[in-house]
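Trainee: Taken in sequence, the protein lines are chains S and E. Going by this note's numbering, the first residue of the first sequence is number 178, and it counts up by one from there. Going by this note's numbering, the first residue of the second sequence is number -10, and it counts up by one from there. Got a structure here, written out as C-alpha cells. Questions coming.
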Amino acid sequence: MNPPSYDPSLYGPSMTTGAATGAAAGASAAAVPTAGPVLDATATAPAPTPPTDPAKPEQATRPAPARDRYFDLLRALALFRVVLYHLTGWAWLPLVFPSMGVMFALAGNLMARSLKRPPVQVIRSRIRRLLPPLWLLGVVGVTGMVIQGWGPDADGHPGWWWIHLAYWIVPLSDPPYAEGLPGIHGFIGENWAVDLAGPLWYIRAYLWYVLLSPFLLKALRAMPLVTLLAPLALSAAFNFGYLTLPGERVPSALTDFSTFGACWILGMAHQEGILRRIPRYVVPSVAPIFAAVGLWYALNNDFGEGNDLDSMPMAQALWSFGTVMLLLHLSPSWSEWPRRLRRWDRVITLLNSRAVTIYLWHNTCILIAATMWDQLWGIDVMWMHFSWLLESPWPVLAFTWVLIGSCIVWFGWAEDLAAKRRPQVWPDGARKRRTHAR
Amino acid sequence: MASRTRRRGPAKGAPDGSRRRRVPMRLLLPSLVLVALMAMLMLRGYVHSEILADYRIRPAAANDKVPQEILKGGPVIDTRDGSASTLRVPDNSVVLTFDDGPDPEWTPKVLDALKRNEAHAVFFITGTMASRYPDLVQRMVDEGHEIGLHTFNHPDLSYQSKKRIDWELSQNQLALAGAVGIRSSLFRPPYSSKSVNMDNNSWPVTEYIGSRGYITIVNDTDSEDWRKPGVDQIIRNSTPKSGQGAIVLMHDSGGDRQQTVQALDKLIPQLKGKGYEFQNLTEALDAPSAHTEVTGLELWKGKAWVFLVDASDNITAILVVGLAAIGSLVIGRFGLMLLLSAVHARRTRRRDFVWGPNAPVTEPASVLVPAYNEAKCIESTVRSLMRSEYPIEIIVIDDGSSDGTARIVEGLGLPNVRVIRQLNAGKPAALNRGLANARYDLIVMMDGDTVFEPSTVRELVQPFADPRVGAVAGNAKVGNKDTLIGAWQHIEYVMGFNLDRRMYDVLQCMPTIPGAVGAFRRSALERVGGMSDDTLAEDTDITMAIHRDGWRVVYAEKARAWTEAPESVQQLWSQRYRWSYGTMQAIWKHRRALVDRGPSGRFGRVGLPLVSLFMVLAPLLAPLIDVFLIYGLVFGPTEKTILAWFGVLAIQAACAAYAFVLDRERLTPLISLPLQQILYRQLMYVVLLQSWITALTGGRLRWQKLRRKGGVSAPPTVPTQRRQVMDERPVR
C-alpha cells in the first residue's frame, strides 16, 4: 500500500542532493549520489515517488517539488476515521468522510504518477513495498491461530488449507483465517482471527488495482469517461442482479473492485490532469449528483447501524465517487502546511509513514483494547458508579491508539525494510527537522 | 431576471467605518426572517401532528399482571396513592364522554345537542386540537362540561417512554391552561376501552399516570360511533344495562360525527324518560370538580402557547397563498417569456427582416469607454474596438483612475482613440463628458472591462434604421464562465438576454440597457438630459427616461460583448446589491409615469408594474420555495416535495435550454443548474432582501471596485485567442 509510505525528507523545498532517489526508484536513480549514511534523508519516497521521479542527476540540483500536504492530511484523516468507525460502528461516519475511497484515490494518484516508468518495474516495487508488513502480520496472526488449534483439518480439506495459506504470502484472494477461536481471557476476545483478518480485503483489492493499473491507465487515456464510470456500472450490475458469479472469492474480489475502482481511477485521472481539462464548474455540479443518488439509495434501503454503506456496495461506490471527486477538485496542493494545521504536522507525518502498519494492526488493537477495558466491569465501584465511562467508546479509542502506537514501534520497521531504508522506530519527521536545522 | 453588466464607479456613500457594523446586519436580518418563518412552520407541523406523530397501536396482550380489582372494577381508576381502587357512577346516572376533540365542525354540534337536551358531559381533549381551537374548550367549560386530558397528540402510550408520557400530559395541560386557564385531573389514555380490557402493557402506564396525580377514566359502554354503524346502533351500544349507571364513550372529532349528534338527540330524551340523569363525572360522583384554576406564570405560558399556535396557523395560511402566488408568477413569467421570445426571435430572424426605412445604417458612431482603474482590462477593450468592422471613433474617459489607465491607452498610440481625463466624478459624469466630446450622433457605450467582437458595433447600431428607436441593448456575455460561479452567471446572462430582454422588447418596456453594451441616439440622450447620478443604476434610470420620452428601446441579439463576471461571492454580492437597489431607486424615481399621459403613461402603466413585479416583488417571495422545500422534506410528503422540486427544476432547465439554443450556446454549463437552484438563487434573494431593508431604512450604499483579473481579452469565437484566455488563468 503506497499512500502510506512517506518521505520525511520531501516536505521541505530545501531537499537537495539525491534526495529524490527513493530506493524504489531503483535503477533509474542509480546515477544519483546518495547522501551517505543519512539514509533516512533519501529513503522512504514512495515507490512511485516524488514528482522528480524518474530522478535525473540534473534534477537533483534544483529544489524538488514538495510533497502535497493536502493529500497527507486526507490520508491521516482517512486512517483516523477508519479506526474510529471500526471501534464505534457509527453508520454516519463513512458518510462524513469516505475513508476507503480517499485511500484508493490517493493510491491511484501515486500509481499513475509512477507509471511514467516501465510498468513491470513499478508493479514489482509496489508489491515489494506492500507485502512484508502483511507477512509480518501473517507470521504473528497465523502462529497465534495455529497455537489455538487451527490446522489443516479446520475446514475438512487439508490440501486446500495449505494452498489457501499461500494467500497470506501473495494476497490475490482473501487470506484464510480461523473462526471461533477461544481468545485469551482478559486480553483478546474470542474469534479474534476474524477481526485480525477483517482489513485484509483492502490489501487484496489494492494488489489487484496495482496489477491492473497499467491497463486502467491506458484505458483512461483512451476513453476517460467510460473508464471512470465502468466500475460504477459494474457495481450497479451486481447490485441489481444483472450479474451473478459463482463461488465466493471471485465475486467478493469483483465487488470490491467495482466499489472502489472508480475512486482509484479518479485518483489516476487527477494525476493525469483529466479533471483539470474540463471546465471547473463540471465537477462541483456533477459530483453531488452521484453522491446524492448513493445517499438516496442508502436511505431507501434501511440505512442504519449495522446496515450502512459497507453493506451496500453500490451506495458506497456512488457516495465515495462523488465525495472523493469533490475532495480532489478542491485539492489545494499545499507544499507547506497552512498555519492552523502546522501543529498537527508530526502526527500526520507519523500516520502517513506508518499507514500500512496502522491499517493492518488497528482492528486487532481495537479488540484487545475493548477486551481489556471490559475487565473494569469486574470492579464493583466501576460498574456501580462509572458504568457510563465503561460504556463510552472514547477511553477505548484512546487506549486503542496507545496500542497502535506500540504496534508502530514493534512492527513498523517492516515498512522501512520493504522500502529498503533504515528502520525507524517513530518516523514522525522530527529527526529530519533537526537535520534541516543544522 | 434581466442581467446587465456595469462597471463600478468611484467610492462614495458611507464612510468605511460603517463596514464593521453592516456586514452582520445584511446576513442577520434576512436569516432572522427565514428562521422565524421556519419556526412558525415547525410549530404548525407540530400541532397538526405532522411531527412526533406515532400511529402505532399495541395489540391486546395477556392481563395476568393487572390486579383483579381493576379488571372487575369500575371505569374510574384511581392509583394515585400507589394502591389501585376503582369507582362506578351511581345507578340512574349516565356520563357521556367525548374523545379526541375539539373539532371545529362537530364539537359545536355536539355542544348544541347537549344544550338542547340539558345534559352535561366530559370532553377528553387532545393538546393539538385544544391549541388550535381554544374557543371551543372555553365553550365546553362555560356550558358546565368537564374537561379531561387525552394526551397532546394521541399516541399509544404503552409504546412511549415515561419522559414522553410526562411531556404529553404537560403539553396537554399547557394547551388547556392557555385555552381556559384551568388544569384537569381527569385522564383517558388513547385507544383505551373498558376496565376488563386492561392488559400487561396498558396497566403500567395507568399506574404511572396515577402516580402523576391523575385519575384514569375508561368506559362502561362504547358507542363505537367512529365505525359509523348508524344512529340506532350507536344508541344500542351506548345504552347501559337497565337501571345501572354508565360512562359512555363517544367521539366529537376525527371524522364525520353526524350520527353521533343525531344519536345524542334520541339517546338523551330516551334515557331521561327512564329516569337517568346526564351529569359530568364529578357531579355524578358527587365529588369536588376536577378543574383547578391556573394562575401566574403557567397561565401566561399557556396563553403564549395558544397565541403562537394561532399565529403559526395564520402565517402558514399566508405563506401558502404566497407560495401559490410565487408559483404562478414564476410559471406565468416563464410561459410569457417562452412565448414572446419565440415571437421576437421569429420576427428578427426572418430573412427579409429590416430594422426600418433607413437600413442599413452606415453613419459612423462614437464609442464611449468610461474607465476607472481598469489597467488590467483596458488594453484588450480598446484593441477589440480597433478590430471593429464599422467606422467608429473611440473615446476613453478616465474617471480619475489611480492605476494609470489613461497612460496605458495613450501608450498604445492608436489612431481614432482619444483619451479624456477627469477628476473622479462617477460613471454618469464620465459618460456625459464623453457625450459632449463625441463627434457623431450614434453613441455606443461600453465598460472598460468589456471586449467587443468586430461586428458588435455594426449590429448594435442597425436598429437605428428605425427613426423611432432611441436606444439599443446589446447581448452581454460572460467571458469567464469556467468556474462554478461563472457558469451560474453565464446561465443567468443567457436567460436574461435571450428570454427577458426579448420579452421586454416585444412588450416595449425594456428596463435596462446594459452598461457593457448599449447604443443611444444623441438626440434621445439630450432630450432626457443625459446620464444622471440620482440612482445607483444609471443605466436603468436612463432607459426608463428614454422610454418615457416616447422612444422605442430594442434588443440587438447579434451585438455580442464579452464581459468579466465577478469571481467571488463578495464581489457578486456587492454588484447585485447595487443592481437591485439601483433598480428600486429608478422605479421610484420614475413612479410619476404611472399617471402620465402619452408614451410615458404607457410605460408607467405597463412597463413599471411588470418590472416591479418581476424584478422586485417576485424575488421577495422566492424564499418561500425553499422554506416549503425544507418543510416538505422534513415533515413530508417527502417524495412529493422532491418530485415538485424536480418539476420546477425541469421547467427552468427547459427554459434555460431554450435560451441557450436561441443564443447558439453549448448546453454543457446547464449541468450546474441544479446546484444553482440550491446555492445561487438563495444568494440572489438575500441580496434583494437586503436592498429592501436598505430601501426601507433609507441606508446609503457604498461602491466597491471589482478586482479585475483581466481574464477576458477577446471574444471566445476567435479560437486562438480563446486559448490565450484560458492560459492566463492560473492553474488551480
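Ideal Cβ positions, reconstructed from N, Cα and C, are used throughout, including at glycine.
Determine, for S661 (chain E), whether the minimum Cβ-Cβ distance to residues of chain S falls below 7 Å.
Mentor: With 7 Å as the cut-off, S661 (chain E) counts as an interface residue toward chain S.
Trainee: Curious, which full-length beta strand (DSSP E) runs of at least 3 residues does the segment 386 to 451 of chain E contain?
Mentor: The segment 386 to 451 of chain E contains these whole beta strand (DSSP E) runs: 406 to 411, 431 to 435, 439 to 441.
Trainee: Whose Cβ in chain E lies nearer than 7 Å to the Cβ of P465 (chain S)?
Mentor: Residues of chain E passing the Cβ test: L664.
Trainee: Three-state secondary structure (DSSP) at V55 (chain E)?
Mentor: V55 (chain E) falls in the coil class under three-state DSSP.
Trainee: From F588 (chain S) to V347 (chain S), what distance separates their C-alpha atoms?
Mentor: Approximately 19 Å, taken between the alpha carbons.
Trainee: With distances taken from CA atoms, which of E:A419, E:F296, E:Y122, E:M484 is nearest E94 (chain E)?
Mentor: The candidate whose alpha carbon is nearest that of E94 (chain E) is E:Y122.
Trainee: Restricting to Cα atoms, I'd like to know which of E:S330, E:W634, E:A645, E:M435 is closest to V483 (chain E).
Mentor: Closest option to V483 (chain E), Cα to Cα, is E:A645.
Trainee: Would T472 (chain E) pass as an interface residue toward chain S - the criterion being a Cβ-Cβ separation below 7 Å?
Mentor: True, the Cβ-Cβ gap to chain S drops below 7 Å.
Trainee: Taking 7 Å as the CB-CB limit, is L187 (chain S) close to chain E?
Mentor: Its pLDDT being 32, under 50, L187 (chain S) is placed unreliably in this model, and the value from its coordinates should be taken loosely. No, L187 (chain S) lies away from the interface with chain E (no Cβ there is under 7 Å from its Cβ).
Trainee: So, does the CB of Y458 (chain S) fall closer than 7 Å to a CB anywhere in chain E?
Mentor: Y458 (chain S) counts as touching chain E.
Trainee: I'd like the list of long-range same chain contacts for P663 (chain E), defined as Cβ closer than 7 Å, with 5 residues on each side in sequence excluded.
Mentor: Closer than 7 Å at Cβ, skipping near neighbours: L638.
Trainee: Which residue from S:Y379, S:L384, S:M277 puts its Cα closest to that of R301 (chain S)?
Mentor: Comparing Cα positions, the closest option is S:L384.
Trainee: Please decide whether P462 (chain S) counts as near chain E, where near means a Cβ-Cβ distance under 7 Å.
Mentor: Note that residue 462 (chain S) is Ser in the sequence shown here, rather than Pro. Closer than 7 Å to some Cβ of chain E, the Cβ of S462 (chain S) qualifies, so yes.
Trainee: Please report whether the beta-carbon of A476 (chain E) lies at a distance below 7 Å from any beta-carbon of chain S.
Mentor: For A476 (chain E), the answer is yes, since a Cβ of chain S falls inside 7 Å of its Cβ.
Trainee: I'd like to check one pair, D436 (chain E) with G504 (chain E): are the Cβ atoms closer than 7 Å?
Mentor: Yes.
Trainee: Assuming A545 (chain E) contacts K466 (chain E) (C-beta within less than 8 Å), just tell me the rounded distance between them.
Mentor: In fact, because the Cβ distance is near 13 Å, the residues do not count as touching under 8 Å.
Trainee: Please report the distance separating the alpha-carbon of A354 (chain E) from that of R517 (chain S).
Mentor: Their Cα atoms are separated by approximately 57 Å.
Trainee: Between E:A168, E:Y429, E:R670, E:D92, which has its C-alpha nearest G244 (chain E)'s C-alpha?
Mentor: Checked all of E:A168, E:Y429, E:R670, E:D92; the closest Cα to G244 (chain E) is E:D92.
Trainee: When you compare the CB of L216 (chain S) with every CB in chain E, is at least one pair closer than 7 Å?
Mentor: Bear in mind that a pLDDT of 26 at L216 (chain S), under 50, signals an unreliable position, so the model cannot answer this.
Trainee: Could you check which residue in S:L528, S:A430, S:L256 has the C-alpha nearest to that of P604 (chain S)?
Mentor: It is S:L528 whose Cα lies nearest to the Cα of P604 (chain S).
Trainee: Rounding to the nearest angstrom, what Cα-Cα distance links Q127 (chain E) and R105 (chain E) in this structure?
Mentor: Their Cα atoms are separated by approximately 18 Å.
Trainee: Check the C-beta distance from R410 (chain E) over to I384 (chain E) and give it rounded, since I have them as a contact under 8 Å.
Mentor: That pair is no contact at about 12 Å.
Trainee: Tell me, to the nearest whole angstrom, how far the beta carbon of I136 (chain E) is from that of L103 (chain E); I am working on the premise that it is less than 8 Å.
Mentor: That pair is no contact at about 14 Å.
Trainee: So which residues of chain S does P658 (chain E) contact, with C-beta pairs closer than 7 Å?
Mentor: Here the neighbours are Y458.
Trainee: Alpha carbon to alpha carbon, how far is S373 (chain E) from F441 (chain E)? Give it in angstroms, no decimals.
Mentor: Approximately 6 Å between the Cα atoms of the pair.
Trainee: Taking all protein chains shown into account, decide if F267 (chain E) is buried (16 or more other Cβ within 10 angstroms of its Cβ) or exposed.
Mentor: F267 (chain E) comes out buried.
Trainee: T195 (chain E) by DSSP, collapsed to three states: which one?
Mentor: Reduced to three states, the DSSP call for T195 (chain E) is helix.
Trainee: For the candidate residues E:I502, E:Q259, E:L312, whose alpha-carbon lies nearest to that of I432 (chain E)?
Mentor: The residue with the shortest Cα to Cα distance from I432 (chain E) is E:I502.
Trainee: I need the boundaries of the alpha helix (DSSP H) containing F415 (chain S), first residue and last residue.
Mentor: Per DSSP, F415 (chain S) belongs to the alpha helix (DSSP H) from 401 to 416.
Trainee: Just verifying my parser: in three-state terms, what is the DSSP assignment at A360 (chain E)?
Mentor: In the structure shown, A360 (chain E) sits in a strand (DSSP, three-state: E or B).
Trainee: Nearest to Q162 (chain E) by CA position, among E:N190, E:V84, E:A279, is which residue?
Mentor: Residue E:A279 is the option with its Cα nearest to Q162 (chain E).
Trainee: Taking just the CA atoms, how far does M277 (chain S) sit from Q493 (chain S)?
Mentor: Cα to Cα, the separation comes out at about 10 Å.
Trainee: In the DSSP assignment, what residue or residues form a beta bridge with G621 (chain E)?
Mentor: G621 (chain E) pairs with nothing; no bridge assigned.
Trainee: What does the alpha-carbon distance come out to for the pair L308 (chain E) and L613 (chain E)?
Mentor: Their backbone Cα atoms lie some 7 Å apart in a straight line.
Trainee: At what residues does the alpha helix (DSSP H) containing F603 (chain E) begin and finish?
Mentor: No alpha helix (DSSP H) holds F603 (chain E); DSSP gives it neither H nor E.
Trainee: Pull up the DSSP beta-bridge partners for W551 (chain E), would you.
Mentor: Its beta-bridge partners are E:V440, E:K466.
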